[in-house]
DNA sequence: AGGCTATGGCTAACACTGTTAGCCGTCAAG
DNA sequence: CTTGACGGCTAACAGTGTTAGCCATAGCCT
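Right, here's the structure in full:
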């Protein structure tokens, strides 16, 4: 029943992840998803209660990947920021999906959110206010870049440097 | 024809703006919009080529409002940031609509984007790199707050202060 | 072996979305 | 007076998430 851990469930989530990665959240369609597995859309509901449950699984995987990338980049906020931006640019659609709109906290593995945040908190010596400020800066830079909001040809590396310099005191 | 400036067009855009303000972007439906004006959805296409054209008009109005709010708050980056956050919290759906996804630049009044950005550039003494960094910080803070991404009970005022202190050098 | 149930497919259908085609009344202008 | 633009309308299409209900298979229990 439900969102079990059956083999089929994993296949569905993996296909969903690939759909999002290739065509963004709007490409994740129940019919397209079913098509990838050679079945029809209604059959998906034998494995997941609704589309948001599948999305939540994709988000969970993306957050784990990001957490791993950040954990592998221990060091100053500078290295961390570079890893953060690199992940977002390498997986723009996944980053957008996982960091836009309200988090389906109830459908996510416990502790995953904290785990993703931990490297940054450590990098600013445990100051939660500063950690949130740096996080907001990085998230804002990434979203504005992904959305093409900066003027064409803007020096984004420079903006990152300016911001990180400010936070480095 | 097209997206003229007829009285009817203005009524449509105003109704669309109210729909977004009350129920978010997903509440802006061609049928719901038409319903507000006592007509049927297809009739809207006599005034606008498609839905995105209506959205663009709404975005233009929102950006003008935001620009006005920022221009009225000349002073240090602190006052400006307060005004920025205040606008976003007062009109969360409009802020989201206007600052998420790619900008329909071709459908927006010329110079509007620059006008909105100008107060911030002035506040940081014309340093474009720093201006973009501060903008990213403010945008990130606002989006994370609107999306409920911060831990419940987090000291957001404190995070704003920490960030602004860092940028104040 | 015989029967039960769970599993996981299927088709048909519903309500909703944006959008198009084509019809028609009103009204101003040549 | 006729013509044409304007601005409504209904019907319809393709695509969305989702539900109801049917059916074949496979495993288990008596």
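Chains as they are written, first to last, in my numbering: chain E, 281 to 449; chain A, 281 to 449.
We treat Cβ as the ideally placed atom computed from N, Cα and C, and that holds for glycine.
Quick caveat: nothing in here was measured; it's all calculated off a predicted structure.
**Partner residues on chain A for residue 429 of chain E, Cβ-Cβ distance less than 7 Å** = By Cβ distance, chain A contributes 383.
**Prompt:** Helix or strand or just coil, what does DSSP make of residue 299 of chain E?
**Reply:** Three-state result, residue 299 of chain E: helix.
**Message:** Tell me which residues of the region 407 to 419 of chain A have at least one Cβ-Cβ distance to chain E shorter than 9 Å, keeping chain order.
**Reply:** In summary, the residues of the region 407 to 419 of chain A whose CB is separated from some CB of chain E by less than 9 Å are 407, 408, 409, 410, 411, 412, 413, 414, 415, 416, 417, 418, 419, in the order they occur in the chain.
**Asked** Got a sec: is the Cβ-Cβ distance from residue 449 of chain A to anything in chain E below 8 Å?
**Response** At least one beta carbon of chain E lies nearer than 8 Å to the beta carbon of residue 449 of chain A.
**Item:** Alpha-carbon to alpha-carbon, residue 319 of chain A and residue 281 of chain A
**Value:** Low confidence applies to residue 281 of chain A: its pLDDT is 47, below 50, so where it sits in the model is not reliable, and the reading given next is rough at best. The straight-line gap from Cα to Cα measures roughly 18 Å.
**Asked** Going by alpha carbons, who is nearest to residue 314 of chain A out of A:292, A:334, A:405?
**Response** Out of A:292, A:334, A:405, A:292 has the C-alpha closest to the C-alpha of residue 314 of chain A.
**Asked** For residue 302 of chain E, does the count of other Cβ atoms within 10 angstroms reach 16, so buried, or fall short, so exposed?
**Response** The residue is exposed, with fewer than 16 neighbouring Cβ atoms inside 10 Å.
**Item:** Rounded Cβ spacing between residue 378 of chain E and residue 423 of chain E (contact assumed at less than 8 Å)
**Value:** 12 Å between Cβ atoms; not a contact.
**Item:** Range covered by the alpha helix (DSSP H) that runs through residue 385 of chain E
**Value:** For residue 385 of chain E, no alpha helix (DSSP H) run applies, since DSSP gives it neither H nor E.
**Distance, residue 387 of chain E Cα to residue 337 of chain E Cα** = The C-alpha of residue 387 of chain E is placed about 8 Å away from the C-alpha of residue 337 of chain E.
**Asked** Is residue 439 of chain E close to chain A, meaning its C-beta is less than 8 Å from at least one C-beta of that chain?
**Response** Output row for residue 439 of chain E: interface = yes.
**Request:** May I ask you to verify whether the region 412 to 427 of chain A touches the region 359 to 370 of chain A, counting CB pairs closer than 8 Å and requiring at least 3?
**Result:** At 8 Å Cβ cutoff, the stretches touch.
**Item:** Cβ-based contacts, 9 Å cut-off: residues of the region 301 to 335 of chain A near chain E
**Value:** Among the residues of the region 301 to 335 of chain A, none has a Cβ less than 9 Å away from any Cβ of chain E.
**Message:** Quick check on residue 405 of chain A - is its C-beta less than 8 Å from some C-beta in chain E?
**Reply:** No - not a single Cβ of chain E is within 8 Å of the one on residue 405 of chain A.
**Asked** Residues of chain A with a CB under 8 Å from the CB of residue 434 of chain E: which are they?
**Response** The contacting residues are 408, 412.
**Request:** Helix, strand or coil for residue 447 of chain E, going by three-state DSSP, please let me know.
**Result:** Helix at residue 447 of chain E.
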